[in-house]
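When you read off a place in the sequence shown, starting at 1, and then add 14, the result is the number in the working numbering.
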Amino acid sequence: MCLIFISLNNHPAYKLIVAANRDEFYKRKTAPAHFWEDYPHLVGGRDLEANGTWLGMSKGGKISMVTNYRDLRNLKPVAPSRGQLVSDYLLNGDKPDEYLQAIAKQGYKYNGFNLVVGYPDELYYYSNYKEGIERVPEGIHGLSNHLFNTPWPKVIRGKEKFANAIESTIVDPQELFDLLYDEQIAPDEQLPDTGIGLERERALSSMFIKSPDYGTRCSTVLLIDRDNNVQFTERIYDLNTFDFTQNEFSFAIE
């Protein structure tokens, strides 16, 4: 997952609203969102190489999501899968802050990541590029491949569009998918320097990424209302035509 927008306890009808894009190499094998055969209480897509996920939820209300922290200069050639951090939280019995405290002790083993875990009305954040664990405050937030709410152009613009898209009493997932499918490239003077070169920085500066070997593979919209009803919707994009297949899951938190 490389771009996440979150509305936490900021809407009269919804405890939590999430709109997110997963960017990945096209050759990496992936399963679309489903209730997992081996853990049928979990819903989310699945990385078929490491068996983790980028965004998932349990029927009991646990939620977890991850983005990579982009720092090519310090990339470890061999490191554990960051997607396992997401699925491990969903599967264990730890409270979210306790889980992140345990992860923080071994964060040095991983390449850079941002991890958000919790429940519909209580989220926590940890990055192995920053000291400490933070409780996510109520409001609207954006997370890409740097720290929480880092003002990269697509995070700033995306948060504004996200806020506008959730103004209505009943949020329409289509409006959130529309904002996630935004290919606008940021001006060069606004680009970060993460060690990948100017041309690559340009390509990765849009909310929806298209390049020859890497890009946005899927988009996810998660809505959880005040009565704990969940609507989990995912769009998987065809890598040639960018037409999409949509998967929808609705359930009440147990």
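Ideal placement from N, C-alpha and C gives every residue a C-beta, glycine not left out.
Just so it is clear, the structure is predicted and the values come from calculations on it, not from any experiment.
Output the distance between the C-alpha atoms of residue i and residue j, rounded to the nearest integer angstrom.
| i | j | result |
| --- | --- | --- |
| D227 | V131 | 30 Å |
| G59 | D202 | 34 Å |
| G62 | S220 | What sits at residue 62 in the sequence shown is Leu, not Gly. Each residue's Cα considered, the two are about 26 Å apart. |
| A179 | Q198 | 18 Å |
| L22 | V150 | 8 Å |
| L20 | V92 | Here the sequence assigns Ile to residue 20, which means Leu is not the residue at that position. Going from the Cα of I20 to the Cα of V92 covers about 31 Å. |
| E51 | A45 | 12 Å |
| Q260 | K109 | 32 Å |
| L89 | Y122 | 12 Å |
| A217 | I250 | 20 Å |
| G107 | L212 | 44 Å |
| A116 | P94 | 15 Å |
If you check the beta carbons only, do residue i and residue j fall under 7 Å apart?
| i | j | result |
| --- | --- | --- |
| S141 | L104 | no |
| K144 | L161 | yes |
| F127 | V80 | yes |
| V235 | A64 | no |
| C16 | N159 | yes |
| N24 | I238 | no |
| W68 | R36 | yes |
| S101 | G146 | no |
| K175 | L190 | no |
| V57 | F258 | no |
| Y53 | R96 | no |
| E215 | C232 | no |
| P134 | K29 | yes |
| V244 | F222 | no |
| I31 | L157 | no |
| E114 | Y83 | Residue identity differs from the one stated: residue 114 is Leu in this sequence, not Glu. Not closer than 7 Å, so no. |
| P167 | Q120 | no |
| L129 | L86 | no |
What would DSSP say about residue i, mapped onto helix, strand or coil?
| i | result |
| --- | --- |
| S101 | helix |
| I250 | strand |
| G156 | strand |
| G132 | strand |
| K123 | helix |
| A27 | coil |
| F265 | strand |
| A217 | helix |
| F256 | coil |
| L69 | strand |
| L137 | strand |
Residue i lies in the alpha helix (DSSP H); which residues open and close that run?
| i | result |
| --- | --- |
| V169 | P167 to A179 |
| Q115 | P110 to A118 |
| Q204 | Here Q204 belongs to no alpha helix (DSSP H), and DSSP marks it neither H nor E. |
| P46 | Here P46 belongs to no alpha helix (DSSP H); instead the beta strand (DSSP E) covers T44 to F49. |
| D192 | P187 to L194 |
Could one say the Cβ of residue i lies closer than 7 Å to chain D's Cβ atoms, at least one of them?
| i | result |
| --- | --- |
| Y83 | The structure shown has no chain D; it contains just one protein chain. |
Taking only heavy atoms of the ligand NAD into account, decide whether any of them is closer than 6 Å to the Cβ of residue i.
| i | result |
| --- | --- |
| R249 | With respect to small molecules bound, the structure shown includes none, and the ligand NAD cannot be examined in it. |
Could you tell me the boundaries of the beta strand (DSSP E) in which residue i lies?
| i | result |
| --- | --- |
| D61 | L56 to D61 |
| L86 | Run containing L86: none; DSSP gives neither H nor E here. |
| F19 | L17 to L22 |
| Y228 | Y228 to D239 |
Is it true that the segment 68 to 75 meets the segment 207 to 222, where meeting means three or more beta-carbon pairs spaced less than 8 Å apart?
no
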